[in-house]
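Worksheet: the structure to be examined is printed underneath.
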Amino acid sequence: MMRAVAGGTPGSDARDRRGSEGIFADSGRTGSTEVAAATGSRAGDRSRAVGLRERRVYLLLYLLGLAALFVNAPAEVWDPAAREFVIIVGLVGLWRYGWGSVHLIRSLIYRRRVFPRWRRAAELLAGDSAAGAVEGTADRVFLIITSFRIRAETTAAVYRAAVEEAMRYGGPVTIVASIVELADQRFIKAIFAKLRPPERVRLVFVRLGPQGKRDALAAALRAVARMRPRPDDAVVVMDGDSLLSPGTLARCLPFLRLMPDLAGLTTDEDAVTDGGLLMRHWHRLRFAQRHVLMSSLGLSRRLLVMTGRMSLYRASIATDPDFIDIVRNDALDHWRLGRITFLTGEDKSTWFWLLERGLPMLYVPDVKIWTIEEPPAPGFLRGSTQLMLRWFGNMLRSSGRAIELGPRRIGLFTWWCLIDQRLSMWTPLIGPTAALLFAFAVSPLFLYTYALWVATTRLVLTLGLLTVRERVSGLYPPLLYYTQVYGALVKTYVLFRLDRQRWTRQNIARHAAGDRRWHEIGSTFVHTLALATLVVVVAFLTGALELPPRLPIS
Amino acid sequence: MQAQIAHETEIHRQHIRLRIPIGVEIDSTRFVTDDWSLGGFGVAAEITSRQPGERFPARLFFPFEDFEIVLHVDCQMVYVDRELPRFGCRFIGLSKGQLDLFRYLVDAYLSGEIVSAGDVLAIAARDNGAELRVRTPIADPFAEEEGFGRRLKRALGYTLLLLAALGLAGLVAVGVRERFFVVKTEDAVIWVPLAEVRAPFGGKVEAMPRRDIYTPGDPVVRIRASEARTAVLESPCECVLLEWPVPPGQYARTGETVAVMAAADRPLLVRARLPVDKAARLEIGQRAEVYVPGRGEPVLAQIERIDFKPGLEALNGRPADGGRYARVVLRPDRPFDFDDLGTLVRVRFL
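For the record, the sequence lines run as chains A and B. Heads up: the first sequence is residues 1 to 554, going by the numbering used here. Heads up: the second sequence is residues 555 to 904, going by the numbering used here.
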């Protein structure tokens with residue numbers, strides 16, 4: 001490697017300096033500090049201690065608040081006059097929390113009983129493959145990282161982690177950087193050169209215009225295909241803001257050998273969030289919930305997503321032309337919205353491709369990827385709304401066709417989970433609607449009763465997360481409620497506007513063309529009708545509205 | 555007035571000029587460029603072998619730390635200034651690959667990028683001029699090319715949804731009317747005027763022979779204070795005996811009700827109790843449905859009387875039973891069986 005004769009521009013130098021120094025050293029910044037915390041530096045230890053104190057204080061405050069609610073509850077709260085309230089909220093709760101308990105129990109079985117056996121077998125294989133590495137027969141790994149408009153600090157941390165992981169792994173690794181900007185190319189090359197990896201670690205660039213992640217990833221996959229990987233080589237697909245933890249490759253790759261039918265795997269994730277307090281806790285909460293759900297699904301060897309943050313595929317799968325094609329060109333035929341070409345959610349496309357072919361997937365719960373989350377908009381509400389719009393949109397655009405595959409093809413449990421995803425966008429709305437209607441029709445005290453119910457149940461749910469995380473925060477219960485109820489509203493909004501897509505980082509948006517106004521009116525009409533139906537049904541159940549003993553039409 | 559400062563490119567330059575020294579070889583003589591751009595180069599030296607307008611091949615040398623890149627280009631002499639001395643050439647017929655390579659090298663020079671020979675080869679081999687792939691057009695539900703089937707499907711869907719919306723609106727209207735505008739009560743009973751037979755003096759209660767229907771004057775009960783003092787109490791109406799508040803054989807005090815009798819010659823009515831504000835919305839003659847437990851079909855009835863007068867207790871300042879309630883008496887269209895007397899019912903006023 002040679003440096004060109006002429007000197008660099010002041011801008012590029014500054015960028016280089018900022019990037020390379022800011023990877024782990026700057027303990028003053030939230031993002032860097034948390035990355036440091038995740039990777040175990042001294043700054044990280046300090047940060048962890050502060051975070052722990054913070055979480056304890058919030059939990060204590062929450063418990064005190066809950067105790068105050070209980071102690072000061074009016075006597076009538078314990079004897080609600082309306083039996084229907086207890087039945088409605090209780091039945092919905094029983095169903096939701098019963099289903100949640102099923103996931104928790106399955107997750108425990110998977111993480112404590114089933115997966116450890118697989119891990120032991122994989123470790124035995126890993127010993128063999130280490131010997132193979134010496135002989136030059138170890139699996140080749142292609143590490144695809146897609147980056148666009150990601151901050152230099154993040155890019156530096158991500159590529160540094162990737163190159164270091166490639167250096168730790170014994171076999172040949174090709175890092176495929178799918179990027180847009182020349183500045184990123186120079187920056188990544190500088191990081192690569194600085195780390196001085198051995199010859200077996202290669203860096204390949206795929207540069208495209210800013211046409212979205214699907215194009216970028218498809219181009220990278222085609223580049224991998226042109227390198228003629230062996231069928232059982234591994235292709236890791238990851239986002240430009242995901243940090244590989246040390247040992248990720250060594251701990252994941254043996255499963256491809258252990259399970260010859262395995263198509264792909266994904267791992268646990270946690271977030272380092274460069275946002276406010278709520279945003280940080282919200283991300284961590286969601287990843288903890290994800291860990292429970294994915295572990296539960298892992299028991300069936302069918303997942304609900306091959307997450308774009310980091311998933312690993314067998315090369316024969318990742319380089320399949322159909323696979324690459326669905327990454328680039330995926331669409332949905334909707335009776336009302338017409339043909340919707342997917343802009344985002346390539347991880348849902350790849351997942352569907354595997355699911356459709358009945359290919360097994362694996363969740364590796366003891367490997368964790370860190371993602372550096374940068375809120376797409378200032379403020380918790382705006383930022384979280386934008387993220388939810390994207391996540392839920394991806395989910396809903398893909399889940400319908402997956403449900404159509406039927407329980408025989410994808411397994412009853414996975415199929416029911418997909419159905420539940422659809423139902424769970426309505427059930428969280430029943431409780432607050434019923435409470436408001438009871439407050440209106442019977443007594444405002446029902447709001448107090450409901451608040452007690454919410455505060456208690458969300459605390460129990462939060463404590464359940466202690467099975468997957470060492471600590472929980474006192475902000476988790478209100479954030480759980482926010483995610484459930486506000487998230488359900490966002491889901492219903494997206495459900496009727498599947499044509500609305502936007503990449504948060506790229507500001508690429510795609511709407512259906514044509515007469516947008518009619519399109520919008522149609523979506524608003526159907527959405528309003530659905531919400532009104534829910535409210536009316538709950539109103540009749542609660543007695544806020546009454547049906548005559550005999551309907552006039554009868 | 556002429557501007558004092560103007561960018562040269564605004565006047566005649568097509569590309570920025572770079573004062574980065576590269577080598578150029580013309581007719582086996584090697585020069586160092588004074589400046590160069592993607593359009594051509596200038597050399598501060600004298601040349602005699604070529605004249606302006608003449609075309610000739612040249613080689614450009616880009617020096618890197620450990621290697622040198624040589625580019626074969628066709629040039630045309632633009633000017634030769636023997637006084638300075640200086641001459642300038644422009645590139646002609648540059649291929650897209652050469653242009654890409656040029657651009658890359660310029661960028662690399664400007665930024666001080668690390669450049670490997672592989673990078674240069676990759677750039678040289680790369681075709682940046684590829685046509686954009688044709689993508690499937692995004693959703694357009696109103697596009698002309700949409701098939702008839704899809705349009706029909708959408709129209710049917712919207713029609714069904716519209717019908718559902720209308721149904722829902724109707725249901726809401728019915729629900730609101732039922733909840734807020736229809737008067738209902740569950741505090742109602744099947745009733746008939748009652749007669750009470752009271753003991754004129756204290757004594758033992760003795761039942762007289764039981765009859766299904768007592769005509770006025772029929773003996774109902776005897777009160778025996780002693781052997782010498784007895785009283786036979788007679789039926790005050792054509793009645794049936796409903797209840798013995800003091801069972802036969804027991805002692806009744808003076809004035810105590812010993813038998814309750816119900817008029818048998820009058821139809822059973824429904825007596826309902828309603829808050830005054832609700833009762834005020836009712837009118838005599840208004841129709842109502844009476845729901846008898848265990849019977850599916852309601853019995854239609856008509857309001858016969860509305861009694862807004864409270865009991866004597868309320869008039870005396872003592873709270874009457876139930877506070878501000880009115881009594882509504884309804885006459886059923888179809889008479890109830892006498893066995894229904896006393897049955898609690900639900901009334902819904904139409």
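Ideal placement from N, C-alpha and C gives every residue a C-beta, glycine not left out.
Check: Neighbour flag for glutamate 740/B against chain A, beta carbons, 7 Å; Outcome: no
Check: Stretch-stretch touch, CB-based, cutoff 8 Å, three pairs: the stretch 242-261 of chain A with the stretch 115-126 of chain A; Outcome: yes
Check: Three or more C-beta pairs below 8 Å linking the stretch 805-815 of chain B and the stretch 778-786 of chain B; Outcome: no
Check: Local conformation of cysteine 791/B per DSSP, three classes; Outcome: coil
Check: N-terminal and C-terminal residue of the beta strand (DSSP E) that lysine 863/B is part of; Outcome: Where lysine 863/B is concerned, there is no enclosing beta strand (DSSP E), given that its DSSP letter is neither H nor E.
Check: Option in Asp661/B, Phe641/B and Ala818/B with minimal Cα separation from proline 770/B; Outcome: Ala818/B
Check: 8 Å contact criterion, which valine 372/A and alanine 157/A should meet: CB distance rounded; Outcome: The identity of residue 372/A in the sequence shown is isoleucine, whereas the question assumes valine. That belief holds up - the Cβ atoms of isoleucine 372/A and alanine 157/A are roughly 7 Å apart, short of 8 Å.
Check: Cα-Cα separation, glycine 724/B to proline 852/B; Outcome: 24 Å
Check: is_contact[proline 210/A, chain B] using C-beta, thresh 7 Å; Outcome: no
Check: 7 Å Cβ cutoff, alanine 193/A in contact with chain B; Outcome: yes
Check: Members of the stretch 538-551 of chain A that neighbour chain B once the beta carbon cut-off is set at 9 Å; Outcome: Ala539, Phe540, Gly543, Ala544, Leu545, Glu546, Leu547, Pro548, Pro549, Arg550 and Leu551
Check: Contacts of lysine 189/A in chain B (Cβ-Cβ under 8 Å); Outcome: Glu667 and Ile668
Check: Chain B contact for arginine 280/A (CB, 7 Å cutoff); Outcome: no
Check: Residues, ordered as in the chain, of the stretch 717-735 of chain B that lie near chain A by beta-carbon distance below 7 Å; Outcome: Ala718, Ala719, Leu722, Leu725, Val726, Val728, Gly729, Val730, Glu732 and Arg733
Check: For glycine 170/A and threonine 137/A, the rounded distance between their alpha carbons; Outcome: Reliability fails at threonine 137/A, whose pLDDT of 46 lies under 50, so the model's placement of it is uncertain and no value is given.
Check: Through-space distance from leucine 312/A to proline 365/A, alpha-carbon basis; Outcome: 14 Å
Check: Where the stretch 838-851 of chain B meets chain A: residues whose CB sits under 8 Å from a CB there; Outcome: Glu843 and Tyr845
Check: Contact under 7 Å by Cβ, glutamate 165/A with threonine 248/A; Outcome: yes
Check: Cα-Cα separation, aspartate 184/A to arginine 230/A; Outcome: 29 Å
Check: Unbroken beta strand (DSSP E) run spanning tryptophan 415/A, endpoints; Outcome: Looking at the DSSP string, tryptophan 415/A is not in any beta strand (DSSP E); the run it does join, the alpha helix (DSSP H), is 412-423.
Check: Minimum Cβ-Cβ distance from valine 536/A to chain B less than 7 Å; Outcome: yes
Check: Simplified DSSP assignment, three categories, for phenylalanine 641/B; Outcome: strand
Check: 3 or more residues per run - each beta strand (DSSP E) lying fully within the stretch 340-396 of chain A; Outcome: 361-373
Check: is_contact[leucine 529/A, chain B] using C-beta, thresh 7 Å; Outcome: yes
Check: Spatial distance of alanine 318/A from leucine 221/A (CA atoms); Outcome: 7 Å
Check: Test: tryptophan 118/A CB closer than 7 Å to a CB of chain B; Outcome: no
Check: Simplified DSSP state of proline 477/A, which is helix, strand or coil; Outcome: helix
Check: CA-to-CA distance, alanine 75/A to alanine 855/B, given in whole angstroms; Outcome: 42 Å
Check: Paired residues, beta bridge with alanine 505/B - DSSP; Outcome: The question about residue 505/B has no answer, for chain B in this structure spans 555 to 904.
Check: Whole-angstrom C-beta distance between leucine 354/A and alanine 263/A, which should lie under 8 Å; Outcome: 5 Å
Check: Start-to-end residues for the alpha helix (DSSP H) that takes in alanine 435/A; Outcome: 427-441
Check: Minimum length 3: unbroken beta strand (DSSP E) runs contained in the stretch 232-309 of chain A; Outcome: 234-239 and 264-273
Check: Pairwise C-alpha distance: arginine 497/A and tyrosine 486/A; Outcome: 17 Å
Check: Best match in Glu153/A, Ser147/A and Thr154/A for proximity to lysine 213/A [C-alpha to C-alpha]; Outcome: Ser147/A
Check: According to DSSP, residues forming a beta bridge with arginine 776/B; Outcome: Glu760/B and Val786/B
Check: Inter-residue spacing [alpha-carbon to alpha-carbon] between threonine 307/A and phenylalanine 142/A; Outcome: 17 Å
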